[in-house]
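Enquirer: In mature numbering (1 follows the signal peptide of the UniProt record, and there is no 0), the protein residues as written are -23 to -1, 1 to 189. C-beta atoms are modelled at their ideal positions from N, C-alpha and C, and glycine is treated no differently. Treat the numbers as computed from the prediction; the structure is a model and nothing was measured.
(1) Give me, in chain order, the residues of the same chain whose beta-carbon lies closer than 8 Å to that of residue 32; leave out the 5 immediate sequence neighbours on both sides.
(2) With burial defined as no fewer than 16 other Cβ atoms inside 10 Å of the residue's Cβ, what is the status of residue 131: buried or exposed?
(3) Which full runs of the alpha helix (DSSP H) of 4+ residues lie inside the segment 87 to 142, going along the chain?
(4) DSSP three-state call for residue 10: helix, strand or coil?
(5) Three-state secondary structure (DSSP) at residue 161?
(6) Would residue 12 be called buried (16 or more neighbouring beta carbons within 10 Å of its own) or exposed?
(7) Can you tell me whether residue 53 is buried or exposed, with buried defined as 16 or more other CB within 10 angstroms of its CB?
(8) Does the separation of the CB atoms of residue 136 and residue 124 fall below 7 Å?
(9) Would you please verify whether the beta carbon of residue 70 is less than 7 Å from any beta carbon of chain C?
(10) How long is the line joining the alpha carbons of residue 60 and residue 5, rounded to whole angstroms?
(11) Grab me the residues of residue 164's own chain with a C-beta within less than 6 Å of its C-beta, minus the 5 sequence neighbours each way, in chain order.
(12) In or out: residue 93 buried (at least 16 other Cβ within 10 Å) or exposed?
(13) For residue 7, is the classification buried or exposed, using 16 other Cβ atoms within 10 angstroms of its Cβ as the cut-off for buried?
(14) Any chance you could list the beta strand (DSSP E) runs of at least 3 consecutive residues sitting entirely within the segment 27 to 63, in chain order?
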C-alpha cells in the first residue's frame, strides 16, 4: 500500500465510526455513483482467485497480519501469522473460525455474514444488496453495502484505489457494531489453489491432539 492510499484510509476511519447504529436506508445514487458502482461490480466479478497479504485491526484495536486466499464463489482462507492462533475458513456455505490456543471452533452460515457479499457467484450491488454510503477522498473510493433483508447482521465497506480501480481494504461491521478492518497488499490474481486449502475438519479433536 502506498503512502497516499494509507493517508486516504486514515481519512476515512472517522466516517466508519460515525455511522448511526440503525442507518439502513439505501442512498439515492447520482450518475457518478452509478458509474462507479458499475466499475466496482465489473472489477469484483473479474476476480476469480486472489492471494494477498493482509493487516487487520480487530474491534479491540489489536493488530495482526497474515495471508488470505480467496476463490469465488464461496471460498476463503484467512491464515494468521504466529503467534496469533486464529484460522478462518469459508466453504460449503459456512464460515469456520478456529482458535488453536483455546482449541475452540465456531461455525456460522456464510449467508449470515457480510463476507457473503464479496464471495457471491455474481456480485451485484443492487436488489437485496443495499448501498448505504459512497465516500470519496482524493484517489480513493469507498462503498458500504448490506443485505436489505438482513440489515441487522452488519455491513461491508469496500475501499478502492480510484484510478486504476484496485481493492485495498474491507471493513466488516458486525451485528454488535464491532468493526474489523482488513487492509490488503502484495495481491496476486488468477492463481490455482488446492481444494484442501479451504477445508477444515469439524470432527471433535481430543485435547492435546493436532488439528488436521
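Expert: Reading from the atomic positions:
(1) 40, 41, 42, 159, 160 and 162
(2) buried
(3) 92 to 95
(4) helix
(5) strand
(6) Exposed.
(7) buried
(8) no
(9) The displayed structure is made up of one protein chain only, and chain C is not part of it.
(10) 45 Å
(11) Cβ within range, chain order: 29.
(12) buried
(13) Counting of Cβ neighbours within 10 angstroms places residue 7 among the exposed residues, the total staying below 16.
(14) 40 to 48 and 52 to 57
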